[in-house]
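What follows is a set of notes on a single structure, which appears directly below.
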Amino acid sequence: MTTRERILLAARKAFAEKGHDGVSMSEIASIAGVKKALIYYYFPSKEDLYYEVWRYSLDELEEHLFKEVESENVYLKKIKRLLKAYVDFVTNKRETVKIIQREKGNLAREDLEMWKKARERYNELRNKISKLIDSGKNNKEILEIVDSEVAAELILNGLNITDDPDKLERIREIIWRGLSNTIERAGN
252 MTTRERILLA ARKAFAEKGH DGVSMSEIAS IAGVKKALIY YYFPSKEDLY YEVWRYSLDE
312 LEEHLFKEVE SENVYLKKIK RLLKAYVDFV TNKRETVKII QREKGNLARE DLEMWKKARE
372 RYNELRNKIS KLIDSGKNNK EILEIVDSEV AAELILNGLN ITDDPDKLER IREIIWRGLS
432 NTIERAGN
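What the sequence shown shows, in the numbering used here, is residues 252 to 439, in sequence order.
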């Protein structure tokens with residue numbers, strides 16, 4: 252593991268526990284086992300570090316989700332795998348999920364460049380899920396009436412309501428049935 256990755260993981264741990272405003276660069280340095288100046292070598296500001304932690308966490312989520320679907324050819328099965336992978340991620344990667352969710356409300360902010368970049372990165376992931384759903388629509392596996400962007404947003408937000416595994420599974424099932432039932436109606 253590189254020094255930069257060690258700093259990112261230490262920062263993720265600290266930010267997940269205390270949020271952006273609740274943690275200092277000195278605390279992060281202590282957790283990472285490095286001097287504070289070394290953090291500034293890699294990240295010019297606390298905001299830059301926070302954004303990188305957020306992006307790193309979102310990258311981890313995206314990699315986990317799409318690794319599960321790449322070998323599948325049927326789009327509806329891809330979506331089912333994506334939903335299961337998301338539940339697995341939310342259940343087993345609580346620290347990462349906290350980082351992604353904690354500041355998601357700030358994505359609409361325009362005052363800091365960090366939030367603009369974060370919003371762009373979040374939109375990339377949402378669009379990737381939306382395109383997967385669109386591919387299912389183009390392949391006639393999902394009805395045209397399904398709004399791909401809304402469905403993608405539901406997937407990204409609906410599975411973050413709770414960390415209770417049973418409730419997560421029920422939410423996943425509701426989303427899945429909502430998408431998969433479109434096929435049954437399409438055949439009528």
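Even glycine gets a Cβ: it sits at the ideal position worked out from N, Cα and C.
With distance defined between alpha-carbon atoms, name the residue in E420, Y326, R370 nearest to S431. As a first step, residue 431 must be located in the sequence shown, where it is residue number 180. Closest by alpha carbon: Y326.
Contacting residues, own chain, Cβ-Cβ under 6 angstroms from A437 (five flanking each side not counted): The residue you call residue 437 lines up with position 186 of the sequence shown. Low confidence applies here, because A437 scores a pLDDT of 44, under 50, leaving its location unreliable; read the following figure in that light. Here the set comprises L394.
So, do the segment 310 to 318 and the segment 336 to 349 have three or more beta carbon pairs nearer to each other than 8 angstroms? Yes: the two stretches touch, three or more of their Cβ pairs being nearer than 8 angstroms.
Run through DSSP, which three-state label would F294 get? Taking the first residue of the sequence shown as 1, we reach residue 294 at position 43. Coil at F294, not helix or strand.
Counting C-beta neighbours from all protein chains within 10 Å, is the total for L297 16 or more, i.e. buried, or is it exposed? To locate residue 297, count along the sequence shown from 1; it is residue 46. Position check: residue 297 holds Lys in this sequence, whereas Leu was assumed. Buried, by the Cβ-count rule.
Any idea if K329 is buried or exposed, counting beta-carbon neighbours within 10 angstroms, 16 or more meaning buried? Numbered from its first residue, the sequence shown carries residue 329 at position 78. K329 is buried by the Cβ-count criterion.
N439, buried or exposed, once every other Cβ within 10 Å from all chains shown has been counted against 16: As a working mapping, residue 439 is identified with position 188 in the sequence shown. The predicted model places N439 with a pLDDT of 42, which falls under 50 and marks its position as unreliable; any figure quoted below should be read in that light. It counts as exposed.
Quick one, are the C-beta atoms of V341 and L289 less than 8 angstroms apart? Translated into the one-based positions of the sequence shown, residue 341 becomes position 90. Translated into the one-based positions of the sequence shown, residue 289 becomes position 38. No, these two residues do not count as a Cβ contact at 8 angstroms.
Which class does I330 belong to by DSSP, given the choice of helix, strand or coil? By one-based count along the sequence shown, residue 330 stands at place 79. The answer is helix: DSSP assigns I330 an H, G or I state.
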